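What follows is a single structure, written as structure tokens, with notes after it.
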Amino acid sequence: AGSMADVISTTFAEPTLGPGGRAFDIRLIGGDLDDLKSAAVDVKNWLGAFSGVTDLNDDLRPGKREYQLKLKDSAGVLGLNAQSLTNQIRASFQGIKVDEFPVGAETYEVDLRLTANNRGDSGDLDQLSIIGRNGALVPLDVVANINETRGWARINRIDGERSVNIRGDVQSEITNAQELLTLAGKELFPELEKRYPGLRVDIQGQSNESAKTGQSIVRNVLLGMIGIYMLLALQFRGYLAPVTVMSVIPTALIGVVFGHMAMGLDLTLPSIIGMASLFGVVVNDSILLVVFIRDARAHNVPVQVAAKQAGRARFRPILLTSVTTVAGLLPLLAETSLQAQILIPLATSLAFGLTSATLIAIFLVPAIYCILDDFNALGEVEPSPE
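The sequence shown stops at residue 963 when you use our numbering, and every number in between is there.
Below is the structure:
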């Protein structure tokens, strides 16, 4: 297949799921359009050197050819100024009404302008006849300098400042867009700001959207943790007993990290969403253990004995609860369709995080409870209501 004439950019894309926006959406802000274009080329060349980066383009498109005229000193001698020269050139190419005549009930206008051949041929523009003072005809290049240039089809502005956006995609199985942007922030962007004074770089696209979503998730997770603590504090009538229950939450992160390594996945936004959901699930196992220990203590069973009994007595229900949950996630983890790819990191966080938290909680929670009890930090307990 041959090249396509007049095509500026061609993009081949496959359906994707994930955060909104392109993998790369880098906005350059500055005053000089030529500097912006040069900086955009530098960014595309730098990113394009990495394998897996595709469809790089910018939105600063060249416009049509144009001719800029600058009056010579001789124009004033002939009685011409910028306005009169502009009017004559416009009349030559766009036409000027010189007469009209009626034909029956209709009135027709007579416009005078250059022929179609002359209007389409810019080679004779310098010989265009211009009427000077007293009707003298002179070529255009006698009264004006003619420079052929090419401007820009569209100039984008952000808060009144000129800008250009560089966009592109990545093949996620080959490279990671966030890692490249981080590297560019250390190596490329500082160099561009030195090379082009006044240039500023702003990151948009998936990276920006993911950062906003991540901040929102972190804020909501903290609020959720506070809510869990308050509910447990009311249930156990103490301030440190909830700490014993919630101590298992960090252990879930061990499984999350290991699970992503085992599955060959990056830690992405769906992974974080899965972790946020996981924190509310793993405390269930801890609650079963703490409730058993507190009930045993209320019946005068020594705390060390109660802790040992809790691990043995609650092992089966805790294990069955976790195993059935993980088993329900296995079909999703084994799914290969495109629609499931966005959910696999989430399911990985839940399955592996729950597994690690379950295995560790059986030993960790009773141990922490015994340690706090040695310091008399848990106080007296009453049997939990059945």
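A virtual CB, placed ideally from N, CA and C, is assigned to each residue, including glycine. None of the values given here were measured: they were computed from a predicted structure.
1. My assumption, with CB atoms under 8 Å, is that Ser706 sits in contact with Arg690. Please give the rounded CB distance.
2. With which residues is Gln645 paired in a DSSP beta bridge?
3. Please classify Pro962 as buried or exposed, where buried requires at least 16 neighbouring CB atoms within 10 angstroms.
4. Using alpha carbons as the reference points, say which of Leu906, Leu910, Val860 lies closest to Leu936.
5. Could you check if Arg889 is buried or exposed, using at least 16 other CB atoms within 10 Å of its CB as the buried criterion?
6. Measuring only the C-alpha atoms, how far is Val903 from Arg734?
7. With a Cβ-Cβ cutoff of 8 Å, do Val820 and Val942 count as a contact?
8. From Ser740 to Leu605, what does the alpha carbon distance come to, in whole angstroms?
9. By alpha-carbon positions, which one of Arg777, Thr684, Leu927, Leu910 ends up nearest to Ile921?
10. Measuring alpha carbon to alpha carbon, tell me which of Gly905, Leu865, Asn877 ends up nearest Arg893.
11. Please name the residue, chosen from Arg891, Asn634, Gly672, that lies closest to Ala693 on a Cα-to-Cα basis.
12. Whole angstroms is fine: what's the gap from Asp872's alpha carbon to Tyr806's?
13. Mark Pro908 as exposed unless 16 or more other C-beta atoms lie within 10 angstroms of its C-beta, in which case mark it buried.
14. Can you check whether the CB of Ser848 is closer than 8 Å to the CB of Ser914?
15. I'd like the span of the alpha helix (DSSP H) that includes Asp779, first residue to last.
16. If Ala934 sits next to Thr828, beta carbons under 8 Å apart, how far is it from one beta carbon to the other, in whole angstroms?
17. Using DSSP's beta-bridge definition, name the partner residues of Tyr685.
18. Going by the CB atoms, is the gap between Arg744 and Arg599 shorter than 8 Å?
19. Just to confirm, are Leu800 and Asp619 a CB contact at a threshold of 8 Å?
20. Nearest to Asp718 by alpha carbon, out of Ser651, Leu808, Met852?
21. Let me know if Asn953 comes out buried or exposed under the rule of 16 or more other beta-carbons within 10 Å of its beta-carbon.
The structure says:
1. Residue 706 sits at position 129 when you count from the first residue of the sequence shown. Residue 690 sits at position 113 when you count from the first residue of the sequence shown. So it is not a contact: roughly 13 Å between Cβ atoms.
2. Looking up residue 645 in the sequence shown gives position 68. Its beta-bridge partners are Asn724.
3. In the sequence shown, the residue the question calls residue 962 occupies position 385. With a pLDDT of 49 at Pro962, under the threshold of 50, the modelled position of this residue cannot be trusted, and the question is left open.
4. Walking along the sequence shown from the start, residue 936 turns up at place 359. For the residues Leu906, Leu910, Val860, the minimum Cα distance to Leu936 belongs to Val860.
5. The count along the sequence shown starts at 1 and reaches residue 889 at position 312. Taking every protein chain shown into account, the CB of Arg889 has fewer than 16 other CB atoms within 10 angstroms, so this residue is exposed.
6. For the purposes of this step, residue 903 is taken as the residue at position 326 of the sequence shown. For the purposes of this step, residue 734 is taken as the residue at position 157 of the sequence shown. The alpha-carbon atoms of Val903 and Arg734 are separated by roughly 51 Å.
7. As a working mapping, residue 820 is identified with position 243 in the sequence shown. As a working mapping, residue 942 is identified with position 365 in the sequence shown. Contact: no.
8. Stepping through the sequence shown from its first residue, residue 740 is reached at position 163. Stepping through the sequence shown from its first residue, residue 605 is reached at position 28. Cα atoms of Ser740 and Leu605: separation of roughly 5 Å, rounded to the nearest angstrom.
9. Taking the first residue of the sequence shown as 1, we reach residue 921 at position 344. Ranking Arg777, Thr684, Leu927, Leu910 by Cα distance to Ile921 puts Leu910 first.
10. Counted from its first residue, the sequence shown places residue 893 at position 316. If we check each option's Cα against that of Arg893, Leu865 comes out closest.
11. Here residue 693 corresponds to residue number 116 of the sequence shown, with the count starting at 1. Ranking the options by Cα distance to Ala693, first place goes to Gly672.
12. The residue you call residue 872 lines up with position 295 of the sequence shown. The residue you call residue 806 lines up with position 229 of the sequence shown. It is roughly 20 Å from the alpha-carbon of Asp872 to the alpha-carbon of Tyr806.
13. Residue mapping note: residue 908 aligns to position 331 of the sequence shown, counting from 1. Exposed, since its Cβ has fewer than 16 Cβ neighbours within 10 Å.
14. Here residue 914 is taken as the residue at index 337 of the sequence shown, counted from 1. Here residue 848 is taken as the residue at index 271 of the sequence shown, counted from 1. Cβ atoms of Ser914 and Ser848: not closer than 8 Å.
15. Start at 1 with the first residue of the sequence shown, and residue 779 comes out as number 202. Counting along the chain, Asp779 falls outside any alpha helix (DSSP H), though it belongs to the beta strand (DSSP E) covering 777-780.
16. To locate residue 934, count along the sequence shown from 1; it is residue 357. To locate residue 828, count along the sequence shown from 1; it is residue 251. Indeed, because the Cβ distance is near 5 Å, the residues count as touching under 8 Å.
17. Counting from 1 along the sequence shown, the entry for residue 685 is found at position 108. Tyr685 has Phe678 as its beta-bridge partners, per DSSP.
18. Stepping through the sequence shown from its first residue, residue 599 is reached at position 22. Stepping through the sequence shown from its first residue, residue 744 is reached at position 167. Cβ distance < 8 Å, so Arg599 and Arg744 count as in contact.
19. Start at 1 with the first residue of the sequence shown, and residue 800 comes out as number 223. Start at 1 with the first residue of the sequence shown, and residue 619 comes out as number 42. Between Leu800 and Asp619, the gap from beta carbon to beta carbon reaches 8 Å or more.
20. For the purposes of this step, residue 718 is taken as residue 141 along the sequence shown, with counting starting at 1. Checking every option, the nearest Cα to that of Asp718 belongs to Ser651.
21. Translated into the one-based positions of the sequence shown, residue 953 becomes position 376. Sixteen is the threshold: since fewer than 16 other Cβ atoms of the shown chains lie within 10 Å of the Cβ of Asn953, the residue is exposed.
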